[in-house]
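J.: Quick note on my numbering: the sequence shown kicks off at 7 and runs consecutively.
Ideal Cβ placement from N, Cα and C applies to all residues, glycine included.
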Amino acid sequence: MERKALIRENTRNGHLMMFKAIVIIVFLASLATYAIYFAGLSSEAMTLGKTIKTTIGSVLIIVVTYLLVRMLQDKEVSKYLTVLMVGLIMFLFSMTMTGSQELFATFYLVIVLSLVYVDVALTIFASVLAIVLHTILIVSHPEVIPAGAVGSVLGVRYLCFIWVAIAAIVIINKFKKLLDSSIENEEKAAELSEGLKQTAQVVANEVALLSEAALSVRAMAENTGVAAAQVSASVEELANAATEEALHAGKTTEVVREMALALESCGQSLQAVNQQSAQFNQIVDGGIKALEKQNSFMQESTGAQQLVSDAVHELNNKSAQIVNIVEVITGIANQTNLLALNAAIEAARAGEAGKGFAVVAEEVRKLAEESGRAADNISQLINEIQQGMQTTVEQIERSSQICEQQDEAVRETLQMFEEVDQGAAKIGEAIQEIAAVLEKTLVSIDDVVEEVESISASTEEAAASTEEITALAAQQRDAVDNVARAVAEIEQSAAKLKNLAQQFN
7 MERKALIREN TRNGHLMMFK AIVIIVFLAS LATYAIYFAG LSSEAMTLGK
57 TIKTTIGSVL IIVVTYLLVR MLQDKEVSKY LTVLMVGLIM FLFSMTMTGS
107 QELFATFYLV IVLSLVYVDV ALTIFASVLA IVLHTILIVS HPEVIPAGAV
157 GSVLGVRYLC FIWVAIAAIV IINKFKKLLD SSIENEEKAA ELSEGLKQTA
207 QVVANEVALL SEAALSVRAM AENTGVAAAQ VSASVEELAN AATEEALHAG
257 KTTEVVREMA LALESCGQSL QAVNQQSAQF NQIVDGGIKA LEKQNSFMQE
307 STGAQQLVSD AVHELNNKSA QIVNIVEVIT GIANQTNLLA LNAAIEAARA
357 GEAGKGFAVV AEEVRKLAEE SGRAADNISQ LINEIQQGMQ TTVEQIERSS
407 QICEQQDEAV RETLQMFEEV DQGAAKIGEA IQEIAAVLEK TLVSIDDVVE
457 EVESISASTE EAAASTEEIT ALAAQQRDAV DNVARAVAEI EQSAAKLKNL
507 AQQFN
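(1) Is the stretch 117-136 touching the stretch 89-104 in the sense that three or more CB pairs, one from each, lie closer than 8 Å?
(2) DSSP three-state label for A317, please.
(3) Just tell me which of F99, G337 and Q509 has its CA closest to the CA of A415.
(4) Going straight from the alpha carbon of I31 to that of K182, what length do you get?
(5) Any idea what DSSP makes of K182, helix, strand or coil?
(6) Ignore the nearest five residues each way along the sequence and tell me which others in Q407's own chain have a CB closer than 8 Å to its CB.
(7) Under 8 Å, do V70 and H21 count as touching if we go by C-beta distance?
(8) Looking only at C-alpha atoms, which of A480, I67 and R14 sits nearest to K81?
(9) Using the Cα positions of E218 and S271, report the straight-line distance between them to the nearest angstrom.
(10) Please look up how many angstroms separate the CB atoms of R3 and L347, rounded, as I've assumed it's under 8 Å.
(11) M52 lies in the alpha helix (DSSP H); which residues open and close that run?
(12) Identify which residue in E495, T397 and I28 has its Cα closest to the Cα of E435.
(13) Look at the Cβ atom of I175, then the Cβ atom of V138, and state whether they are nearer than 8 Å.
(14) Beta carbon of Y72, beta carbon of F113: below 8 Å?
(15) Could you work out which residue in Q421, S405, D316 and A296 is closest to L12 when comparing CA atoms only?
(16) State the Cα-Cα distance for the pair L442 and Q498, rounded to the nearest angstrom.
(17) For a test of the three-state rule: what should DSSP assign to E82, helix, strand or coil?
(18) Using 8 Å as the Cβ pair cut-off and three pairs as the minimum, do the stretch 311-321 and the stretch 338-347 touch?
(19) Is it a yes or a no for the stretch 154-171 touching the stretch 55-68, going by three-plus beta-carbon pairs under 8 Å?
(20) Taking C-alpha atoms, which residue in A171, M422 and A225 lies nearest to L506?
(21) Distance check for L313 and M304, CA to CA, integer angstroms please.
(22) Taking S120 as part of the alpha helix (DSSP H), name the residues at either end of that continuous run.
(23) Please classify F110 as buried or exposed, where buried requires at least 16 neighbouring CB atoms within 10 angstroms.
(24) Determine the closest residue to Q282 out of Y43, A500, M52 and L47, with distance taken between C-alpha atoms.
(25) Closest to I117 by CA distance: which of T141, F44, A173 and S64 is it?
(26) My output table needs one value for G46: the three-state DSSP class, helix, strand or coil.
(27) Whole angstroms is fine: what's the gap from E473's alpha carbon to A431's?
(28) Taking the straight line between their C-alpha atoms, what separation do you get for N301 and D413?
(29) Quick check: the stretch 355-369 against the stretch 35-45, are at least 3 beta-carbon pairs closer than 8 Å?
(30) Please name the residue, chosen from G362, A349, A354 and E375, that lies closest to I338 on a Cα-to-Cα basis.
(31) Rounded C-beta distance between V334 and I384? I'm assuming under 8 Å.
(32) Measuring CB to CB, does L143 end up less than 8 Å from F97?
(33) Only counting the same chain, and skipping five residues up and downstream in sequence, which positions put a Cβ closer than 6 Å to that of A349?
(34) Output the boundary residues of the alpha helix (DSSP H) element that contains T129.
(35) Based on Cα-Cα distance, which residue from Y123, L54 and Q207 lies nearest to T88?
(36) Under 7 Å from any heavy atom of the ligand HEM, does the C-beta of M52 make it?
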């Protein structure tokens, strides 16, 4: 979805730039055409009516194309319509100003403006369209064909079209690969972020289970404490009357067995808690690995964005070279204009013999002026393209800042997971302590059972057995207290883990 959204945004921006550029081109071209006509510098084929029709036709083409693009929205064919619009408008102005043999250069605009969409197929279409329209122009208006070696001149023109198309395709391919790589890395980062949220949810669920298990262990510990109190009461009764020891011995044995069952149940719950703790550790390890992988993708994305920025800067440098070439063309046009003026002066001095030469000099001067204006228009378009490139560079820099923020968030998340891992380790230690205490308690319970059975067998040893039972009961109470403290630590650790997991939601 992210890739499609970026492609749609690029298409919309391309439409906006294309319509802005063509409106400016039509305005300047119409202004120049009317200026040439009213200045009396136009050819015989260029009339006021023809000029007005060209302007109206260009406006109609723009309006119709705009409505079609609005209707088609982001569909692929809309890009081809805008390129076709530019080609048709350039063709109309070339047909109007047939007196200039250099207007074929306007078809380069069709190829250059197609670059804004970063689409190889579209640029190929624009190149073919420029060649076809130029061919139609020279067939329908042979007067635009230059005199002299027609074949070589036209061959050079078509080769220039092909060279420009190849250069544009190479630039687009390089830029598109870098852009696709950047988009792919961003999509991977988004997927990893979503996976991280799911992992946090699993952690929260496991923490809830751990809390329930801790509550169960606490309840069992309380039951064990009650049983220990009963044992103490039984021991006191044994101390009061030796004759009643046999009767109380059976009751004490039953109570001790209940304690053993309770402790066994507590051990089973503790084993379940231990298993859940192990699963929790695996989940935390998976979260850390996912974060490390996401951090790696973020670094790759940053590198790809840097490559895109370098490519745009390189394209900007190439545009600057084109501007230099246009300046050279302008200088040549100015020199030609000056030479034509000098030739006209010399022809005027020659009188009747130089009239024919004066006409030729005047035509050369007109062509030089038109070439200079065309070069100025191209220079202005190159400036707009450079501004667009600057906007692209700013967006890439903004994207780099966002990547840095995401990288910082990943580092913070990784730190949180490390804290979670430390908490899980503490839980494991607490569980081990509980297991050790339970093991000691079970051993103590076995001793108690043996002592109680000894009391039943021989009343003469009642006093000694009572002392031993008292000591064991005290040890049991201590063990129960240790279990309660360990469970409290488990509950605190579970609460911390729950708070950490909630930070991801």
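T.: With the given structure in hand:
(1) Short answer: they touch.
(2) Helix.
(3) Taking only the C-alpha atoms, the option nearest A415 is Q509.
(4) Rounded to the nearest angstrom, the two C-alpha atoms are 28 Å apart.
(5) The answer is helix: DSSP assigns K182 an H, G or I state.
(6) Excluding positions up to five away in sequence, the list is empty.
(7) No, they are not a contact pair.
(8) For the residues A480, I67 and R14, the minimum Cα distance to K81 belongs to R14.
(9) The alpha-carbon separation between E218 and S271 amounts to approximately 15 Å.
(10) Because the chain spans 7 through 511 in this model, residue 3 falls outside it and cannot be assessed.
(11) First-last for M52: undefined, no H or E at that position.
(12) Of the listed residues, the one whose Cα sits closest to E435 is E495.
(13) Not a contact, by the Cβ cut-off of 8 Å.
(14) No, they are not a contact pair.
(15) The candidate whose alpha carbon is nearest that of L12 is S405.
(16) Strictly speaking, residue 442 in this sequence is Ala, with Leu absent from that position. When rounded, the distance between both Cα atoms is 20 Å.
(17) Here E82 sits in coil by DSSP.
(18) With contact defined as three or more Cβ pairs closer than 8 Å, the stretch 311-321 and the stretch 338-347 are not in contact.
(19) With the rule of 3 Cβ pairs closer than 8 Å, the stretch 154-171 does not count as touching the stretch 55-68.
(20) With distances taken between Cα atoms, L506 lies closest to M422.
(21) Taking the straight line from one Cα to the other gives about 14 Å.
(22) First-last for S120: undefined, no H or E at that position.
(23) It counts as buried.
(24) A check of alpha carbon separations from Q282 across Y43, A500, M52 and L47 identifies A500 as the nearest.
(25) For I117, the nearest C-alpha among the options comes from A173.
(26) Correct three-state label for G46: coil.
(27) Each residue's alpha carbon lies about 41 Å from the other.
(28) Looking at the two C-alpha atoms, the distance is approximately 6 Å.
(29) These segments do not touch.
(30) Closest by alpha carbon: E375.
(31) In fact, because the Cβ distance is near 12 Å, the residues do not count as touching under 8 Å.
(32) By the CB criterion at 8 Å, L143 and F97 fall inside the cutoff.
(33) Taken in chain order, the residues that qualify are A367.
(34) Its alpha helix (DSSP H) spans residues V126 to S146.
(35) Looking only at Y123, L54 and Q207, the smallest Cα-Cα distance to T88 is reached by Y123.
(36) Of the ligands one can find in the structure shown there are none, so the ligand HEM has no counterpart to examine.
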